[in-house]
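A.B. asks: Take a look at this one; I'll ask things after.
In our numbering, the protein residues as written are -17 to 626.
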């Protein structure tokens, strides 16, 4: 088609009808490649894909096509979800269902393509097939949507992820994109858009769960000559990667969500506040914004509606605390990223003193769908008080990992046992860390709790932004809590005393627990125990007196771990034992004289010279000098070194 841009603008975006003509739909099918005339090869290209070597896979595929004079197209798509499958390759042969192949590294490309094109492929790397009516199914191959990882999901926000070229605005429009925004600015007032979102019951997906429509109305009803919309894309919780996946896989829907939200509050300026180091996601967002401008979806007097909008991208300075609303605003104003007392809230006095709405990525991704399908549709998903879906990043010790989307009301057990397929390597389940660095630990007794803001809050659990870390029996909870406290201590802005001093003192006590005392006096154990008891008092003071949410929630991992794993703390204190053998400071190494051959390998590698002996004679370890690093245990070829 000669002028696809004009066609998509006039016949699709500016169409007054909710249903398009058969002729228009036929062209849109070609743009979407629904029924291709030649093979199409889709290759995932998100961060996890790139780490797994997808660019080398693409290079190998392009070389195969050139060498064999094949007519296939190669399309880079976003992340489909399961990180275990990367690099993921999807092949669509004309007239047949799409085939998905997992872990396709460059060395597998030639045999894979030869097999698919000659109908004799190796099913070892086959994940499944997808297709609709009118396509021939591949016999004996399972459908992707029936695999446990996908069968228990409700992919709404992630509906486009892994399905189309995220750098193609044409394909996004062909999938119905930007129609909700154009309809909003041409047919709805600011108040009407706010009403629709409020009736949907959408709650902020950043963890707090505040009603989005109500927040918008607060900003809209505040008298001002300017307002701002900020998309908080700073995802810095350890183990969380949902925002990055969305930005890389479906940037245009985020741009559309931001545009509708900005219009609803009467803002002409919107800012995407991104995490530093997310260059791949940033590049795709930059291109999406440029394409939106080319199509007239951003700029002055958009489609003669009288509405103006500009979207900018700003990169955060690398501090965890800058994700807090007021610290974020300070950063954008060129100040040090430190939280401020509230009220006033940003919706009344935010960026440069103007009414400002701050929504996170997942919240804004819901907006185009609500405007397109209606608030009643959104209400039909999830629970009464928490409608819709929730996106989680599954990480840790599950058999499956990746980004998933479940309907609100789904049990935690379903995510763990069905979607993540349980614990890998036959290990025992221990806990789930939900809610990021300042979240809570869920144990066996919590597995039948539903994912719902109110239900989780009643059980003292925060939803968080999307981290879902699975922990097995080989994890030391004391050491894990120490890790999170070290992270929070380093990320504290230092403005308020409870957080600045409290996190440091808590870390100091925990580090004393995970190593042997310098002396074995009778009062040492009592002092260590009293130190842990102080942690509860310190945690209570921090919760009540810290300035912002970082300090107020910083003790959560410790309090949750102490409640559910008190026996591990007592073992570390009284028995000086780490059941997971993780805490180096508590490990004791010894050499079995019957197995030791005197090869000297352990002695030569010991960093503190704690191993002595004569060559070809049994060696021994000086326990007082040993730091518990375990190098000797790892290097011994005769299994002569044991650890307790």
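Glycine included, C-beta positions come from ideal geometry on N, C-alpha and C.
Rounded to a whole number of angstroms, what is the C-alpha to C-alpha distance between residue 669 and residue 485?
C.D. replies: An answer regarding residue 669 cannot be provided, because it is not within the stretch -17 to 626 covered by the chain.
A.B. asks: Spatial neighbours of residue 595 within its chain, please: CB distance less than 7 Å, with the 5 preceding and 5 following residues excluded, ordered by chain position.
C.D. replies: One-based indexing of the chain shown puts residue 595 at position 613. So the list reads 580, 585, 601, 602, once near-sequence residues are dropped.
A.B. asks: What is the DSSP secondary structure of residue -17, reduced to helix, strand or coil?
C.D. replies: Along the chain shown, read from residue 1 onward, the residue named residue -17 stands at position 1. Its pLDDT being 48, under 50, residue -17 is placed unreliably in this model, and the value from its coordinates should be taken loosely. The answer is coil: DSSP assigns residue -17 none of H, G, I, E or B.
A.B. asks: Quick test of the definition: if touching needs 3 or more C-beta pairs under 8 Å, does the region 460 to 467 touch the region 424 to 440?
C.D. replies: no
A.B. asks: Would you identify the three-state DSSP class for residue 127, choosing helix, strand or coil?
C.D. replies: Mapped onto the chain shown, residue 127 falls at position 145. Correct three-state label for residue 127: helix.
A.B. asks: Measuring straight from C-alpha to C-alpha, what distance separates residue 266 and residue 373?
C.D. replies: By one-based count along the chain shown, residue 266 stands at place 284. By one-based count along the chain shown, residue 373 stands at place 391. C-alpha separation (whole angstroms): 21 Å.
A.B. asks: Output needed for residue 40: all residues of its chain with C-beta closer than 8 Å, excluding positions within five of it in sequence on either side, in chain order.
C.D. replies: Position 58 of the chain shown, counting from 1, holds the residue named residue 40. If we look at residue 40 and ignore the five residues flanking it on each side, its Cβ neighbours are 25, 27, 56, 58.
A.B. asks: If you follow the alpha helix (DSSP H) that residue 234 is in, where does it begin and where does it stop?
C.D. replies: Counting from 1 along the chain shown, the entry for residue 234 is found at position 252. Run containing residue 234: 233 to 246, per the alpha helix (DSSP H) assignment.
A.B. asks: Hey, how far is the Cα of residue 209 from the Cα of residue 252?
C.D. replies: Residue mapping note: residue 209 aligns to position 227 of the chain shown, counting from 1. Residue mapping note: residue 252 aligns to position 270 of the chain shown, counting from 1. Spanning the two alpha carbons is a distance of roughly 9 Å.
A.B. asks: Using 10 angstroms around the beta-carbon of residue 121, count the other beta-carbons present and answer buried if the total reaches 16, otherwise exposed.
C.D. replies: Counted from its first residue, the chain shown places residue 121 at position 139. Counting Cβ neighbours within 10 Å, residue 121 comes out exposed, since fewer than 16 surround it.
A.B. asks: Do residue 348 and residue 423 have their CB atoms nearer than 8 Å?
C.D. replies: On the chain shown, position 366 is the one that residue 348 refers to. On the chain shown, position 441 is the one that residue 423 refers to. No; because the gap between Cβ atoms is not below 8 Å, this pair is not in contact.
A.B. asks: Look up residue 74 in the DSSP assignment and say whether it is helix, strand or coil.
C.D. replies: For the purposes of this step, residue 74 is identified with residue 92 of the chain shown, where counting begins at 1. Residue 74: strand per DSSP, three-state reduction.
A.B. asks: Does chain B have any CB closer than 8 Å to the CB of residue 334?
C.D. replies: Judged by its chain identifiers, the structure shown contains no chain B, having just a single protein chain.
A.B. asks: State buried or exposed for residue 111, treating a residue as buried only when at least 16 other CB atoms are found within 10 Å of its CB.
C.D. replies: Translated into positions along the chain shown, residue 111 becomes position 129. Looking at its Cβ environment, which holds 16 or more other Cβ atoms inside 10 Å, residue 111 is buried.
A.B. asks: Quick one: Cα of residue 185 to Cα of residue 287, how far?
C.D. replies: As a first step, residue 185 is located in the chain shown; it is residue number 203 there, counting from the start. As a first step, residue 287 is located in the chain shown; it is residue number 305 there, counting from the start. Straight-line spacing of the CA atoms in residue 185 and residue 287 works out to 29 Å.
A.B. asks: Three or more C-beta pairs under 8 Å: does that hold for the region 88 to 98 against the region 401 to 417?
C.D. replies: Two segments are said to touch when three or more pairs of C-beta atoms, one from each, lie closer than 8 Å; by this definition the region 88 to 98 does not touch the region 401 to 417.
A.B. asks: Grab me the residues of residue 365's own chain with a C-beta within less than 6 Å of its C-beta, minus the 5 sequence neighbours each way, in chain order.
C.D. replies: Looking up residue 365 in the chain shown gives position 383. Closer than 6 Å at the Cβ level, and outside the excluded window around residue 365, lie 390, 391, 434.
A.B. asks: Among all the DSSP beta bridges, which residues are the ones paired with residue 458?
C.D. replies: Along the chain shown, read from residue 1 onward, the residue named residue 458 stands at position 476. BP columns for residue 458 are empty, so no partner.
A.B. asks: Within 10 angstroms of its Cβ, does residue 329 collect 16 or more other Cβ (buried), or is it exposed?
C.D. replies: Counting from 1 along the chain shown, the entry for residue 329 is found at position 347. Buried: at least 16 other Cβ atoms inside 10 Å.
A.B. asks: Measuring CB atoms only, is the region 194 to 204 touching the region 170 to 179, in the sense that at least three cross pairs come out at less than 8 Å?
C.D. replies: At 8 Å Cβ cutoff, the stretches touch.
A.B. asks: Excluding the 5 residues flanking residue 232 on each side, which residues of the same chain have their C-beta closer than 7 Å to its C-beta?
C.D. replies: What you label residue 232 is simply residue 250 of the chain shown in a count that begins at 1. These residues qualify, in order along the chain: 60, 142, 143, 148.
A.B. asks: Which same chain residues, not among the five before or five after residue 168, have their C-beta less than 7 Å away from its C-beta?
C.D. replies: Counting from one through the chain shown, the residue named residue 168 turns up at place 186. Only 285, 287 meet the Cβ criterion.
A.B. asks: Within a Cβ cutoff of 6 Å, which residues of the same chain sit near residue 272, ignoring the five residues on either side of it in sequence?
C.D. replies: Walking along the chain shown from the start, residue 272 turns up at place 290. Nothing listed; no residue qualifies.
A.B. asks: If we count the other Cβ atoms within 10 Å of its Cβ and call it buried at 16 or more, is residue 68 buried or exposed?
C.D. replies: Counting from 1 along the chain shown, the entry for residue 68 is found at position 86. Residue 68 should be labelled buried.
A.B. asks: Hey, residue 326 and residue 313: beta-carbon distance below 8 Å or not?
C.D. replies: Within the chain shown, residue 326 is the residue found at index 344, counting from 1. Within the chain shown, residue 313 is the residue found at index 331, counting from 1. Contact: no.
A.B. asks: Output the boundary residues of the beta strand (DSSP E) element that contains residue 58.
C.D. replies: For this step, residue 58 is matched to residue 76 along the chain shown. DSSP places residue 58 inside the beta strand (DSSP E), whose first and last residues are 55 to 59.
A.B. asks: Buried or exposed: where does residue 135 fall if 16 or more other Cβ atoms within 10 Å of its Cβ makes it buried?
C.D. replies: If you number the chain shown from 1, residue 135 lands on position 153. That one is buried.
A.B. asks: Near residue 368, what residues of its chain come up, given a Cβ to Cβ distance below 6 Å and the 5 sequence neighbours on each side ignored?
C.D. replies: Here residue 368 refers to the residue found at position 386 of the chain shown. Sequence-distant Cβ neighbours of residue 368 in its own chain, meaning closer than 6 Å and more than five residues away, are 390, 434, 435.
A.B. asks: Keeping to the same chain, check which residues put their C-beta closer than 6 Å to that of residue 73; ignore five residues upstream and five downstream.
C.D. replies: Mapped onto the chain shown, residue 73 falls at position 91. The residues are 23, 81, 98.
A.B. asks: How would you label residue 442, buried or exposed, when you count the other beta carbons within 10 angstroms and need 16 or more for buried?
C.D. replies: Locating residue 442 in the chain shown gives position 460, counting from the first residue. With fewer than 16 other Cβ atoms within 10 Å, it is exposed.
A.B. asks: Among 493, 410, 461, which residue has its Cα nearest to the Cα of residue 452?
C.D. replies: Locating residue 452 in the chain shown gives position 470, where the first residue counts as 1. Looking at the Cα atoms, 410 is the closest of the given residues.
A.B. asks: In this structure, how does DSSP classify residue 327 when only helix, strand and coil are distinguished?
C.D. replies: Residue numbering aside, residue 327 sits at position 345 when the chain shown is read from its first letter. Three-state result, residue 327: coil.
A.B. asks: Would you please state the rounded distance, in angstroms, between the beta carbons of residue 356 and residue 363? I believe it to be under 8 Å.
C.D. replies: On the chain shown, residue 356 is found 374 positions in, with the first residue counted as 1. On the chain shown, residue 363 is found 381 positions in, with the first residue counted as 1. Not a contact, Cβ separation roughly 12 Å.
A.B. asks: Which residues in the same chain as residue 318 place their Cβ atom closer than 6 Å to its Cβ, once the five residues preceding and following it in sequence are excluded?
C.D. replies: Numbered from 1 along the chain shown, position 336 holds the residue referred to as residue 318. Excluding positions up to five away in sequence, the list is empty.
A.B. asks: Beta strand (DSSP E) containing residue 568: first to last residue?
C.D. replies: Residue mapping note: residue 568 aligns to position 586 of the chain shown, counting from 1. From DSSP, residue 568 is part of no beta strand (DSSP E); its letter is neither H nor E.
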